[in-house]
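S.K.:
In this note's numbering, the protein residues as written are -1 to 386.
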């Protein structure tokens, strides 16, 4: 069965939910409005149980099938949080909170899973239980790990769990997935450089941290080009360089570099972190400065799909879209759904929203035309995994 007719009827309503969430973005675990709306709608739909505060601010709704609470339980997960980005879409539903926006489509993910939950609660054309999981803090903060540590899998008896993410790199309505490592491990680092500040007119009396930091940035690029097997994917990016002074005539005492490492192999990951520390330390020393490596956030592990569950996802995607690419390229993006896949068999699929501004771009906006496809996919997966 392709896209369900019910979602053609619900499309305007689900779109309105999505745009309301887009207009009121919330960050990480601080989701009082978003989580409140999710819980309210799940109760309105007639979910058999709605549990709030899982993993601090996550929400779980339980929908029992025709056999009541018997049988197995599968989890369907959507993320709820936005990003600290200034929106530039100019849309009528643009963010009403300056410096925050849904630039990754989590508003669309939440709306599509809510739509699927409404349909499943109406029809209950399955046996067992569907747990709809609404997660906080995917964009840093490891909300998936927090939910797992709070008993998500054992507490609700989840035997399989599934995730979905929109992709502006895929045609509208096209699905893509792969078994095994799919999204990279992510480590966020910072390097604090300490030198000797002074007047910019007399650099000979200083140890210039801007110069030292720049040398470290350039030297770090040698890790990928000269320390890593060319067959092993690796990204080392320095994305922030700050000093305590913005004056044109002051050489600053301190500089802080921030960046990320994206890797798929445990040994490559360990080698890279060791090399960053060594390069920073000895490059700084060669200029008469000090450099100390630290880490900003919980590192996200490699997100690896389970083979059997990957096949289940592809089957559901084919039912809805007629086809599914099962050899999607690995992505160096990070995804904390990895924690859920470490705790429970499952898989994560991509859904194309058509070409447009990329994820985390200030002009990005979720394409509402894909909503019926995403909702239908969730329903197809639930009904296939829990046949009536």
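Just so it is clear, CB atoms sit at the ideal spot from N, CA and C, and this is done for glycine as well.
1) Pairing CB atoms from the region 223 to 236 with CB atoms from the region 245 to 265, are three or more of them under 8 Å?
2) Count the other CB atoms, across all protein chains shown, that sit within 10 Å of the CB of residue 321; report buried if there are 16 or more and exposed otherwise.
3) Give me the Cα-Cα distance between residue 284 and residue 213, rounded to the nearest whole angstrom.
4) Near residue 211, what residues of its chain come up, given a Cβ to Cβ distance below 7 Å and the 5 sequence neighbours on each side ignored?
5) What three-state label does DSSP hand residue 62 in the structure shown?
6) I need the boundaries of the beta strand (DSSP E) containing residue 135, first residue and last residue.
7) Are residue 142 and residue 58 touching if we call contact CB-CB under 7 Å?
8) May I ask you to verify whether the region 192 to 209 touches the region 242 to 253, counting CB pairs closer than 8 Å and requiring at least 3?
9) Can we say the region 136 to 155 touches the region 86 to 94, given the rule of at least three CB pairs closer than 8 Å?
10) Within its chain, find whatever has a CB closer than 6 Å to the CB of residue 362; leave out the 5 residues flanking it on each side and keep chain order.
11) Taking only three categories from DSSP, how would you classify residue 20?
12) According to DSSP, is residue 107 helix, strand or coil?
13) Should residue 23 be labelled buried (16 or more other beta-carbon atoms within 10 Å of its own) or exposed?
14) Can we say the region 67 to 85 touches the region 165 to 177, given the rule of at least three CB pairs closer than 8 Å?
15) When DSSP labels each residue in this structure, what does residue 377 get in the three-state scheme?
16) Give the DSSP-derived three-state secondary structure of residue 141 in the structure shown.
17) Whole angstroms is fine: what's the gap from residue 17's alpha carbon to residue 9's?
18) Which residue wins for smallest C-alpha separation from residue 163, given the options 187, 78, 94 and 5?
19) Would you mind stating whether residue 127 and residue 60 have Cβ atoms separated by less than 7 Å?
20) Would you call the region 280 to 299 in contact with the region 326 to 338, where contact means no fewer than 3 C-beta pairs closer than 8 Å?
21) Evaluate residue 99 with the Cβ neighbour count: other Cβ atoms within 10 Å of its Cβ, from every protein chain shown; 16 or more gives buried, anything less gives exposed.
22) Spell out the partners DSSP gives residue 99 in its beta bridges.
23) For residue 75, is the classification buried or exposed, using 16 other Cβ atoms within 10 angstroms of its Cβ as the cut-off for buried?
M.R.: Well, looking at it:
1) yes
2) Counting from 1 along the chain shown, the entry for residue 321 is found at position 323. Residue 321 is exposed by the Cβ-count criterion.
3) Working through the chain shown from its first residue, we reach residue 284 at position 286. Working through the chain shown from its first residue, we reach residue 213 at position 215. Using only the alpha carbons, I get a separation of about 10 Å.
4) Counted from its first residue, the chain shown places residue 211 at position 213. Only 191, 239, 253 and 255 meet the Cβ criterion.
5) Residue 62 sits at position 64 when you count from the first residue of the chain shown. Three-state result, residue 62: strand.
6) Locating residue 135 in the chain shown gives position 137, where the first residue counts as 1. It is not in any beta strand (DSSP E) - residue 135 carries neither H nor E in the DSSP assignment.
7) Translated into the one-based positions of the chain shown, residue 142 becomes position 144. Translated into the one-based positions of the chain shown, residue 58 becomes position 60. No, the Cβ-Cβ distance between residue 142 and residue 58 is not below 7 Å.
8) yes
9) no
10) Residue 362 sits at position 364 when you count from the first residue of the chain shown. Answer for residue 362: 101 and 355, listed in chain order.
11) As a position in the chain shown, residue 20 is number 22, starting the count at 1. Reduced to three states, the DSSP call for residue 20 is helix.
12) As a working mapping, residue 107 is identified with position 109 in the chain shown. Helix.
13) In the chain shown, the residue the question calls residue 23 occupies position 25. With 16 or more other Cβ atoms within 10 Å, it is buried.
14) no
15) Working through the chain shown from its first residue, we reach residue 377 at position 379. Correct three-state label for residue 377: helix.
16) Counted from its first residue, the chain shown places residue 141 at position 143. In this structure, residue 141 counts as helix in the three-state DSSP scheme.
17) In the chain shown, the residue the question calls residue 17 occupies position 19. In the chain shown, the residue the question calls residue 9 occupies position 11. Taking the straight line joining both Cα atoms gives about 12 Å.
18) Working through the chain shown from its first residue, we reach residue 163 at position 165. With distances taken between Cα atoms, residue 163 lies closest to 78.
19) Reading the chain shown from its first residue, position 129 is the one you call residue 127. Reading the chain shown from its first residue, position 62 is the one you call residue 60. In this structure, residue 60 lies closer than 7 Å to residue 127 by Cβ.
20) yes
21) Numbered from its first residue, the chain shown carries residue 99 at position 101. When all chains shown are included, residue 99 counts as buried.
22) As a first step, residue 99 is located in the chain shown; it is residue number 101 there, counting from the start. Per DSSP, 81.
23) Along the chain shown, read from residue 1 onward, the residue named residue 75 stands at position 77. Answer is buried; the Cβ neighbour count reaches 16.
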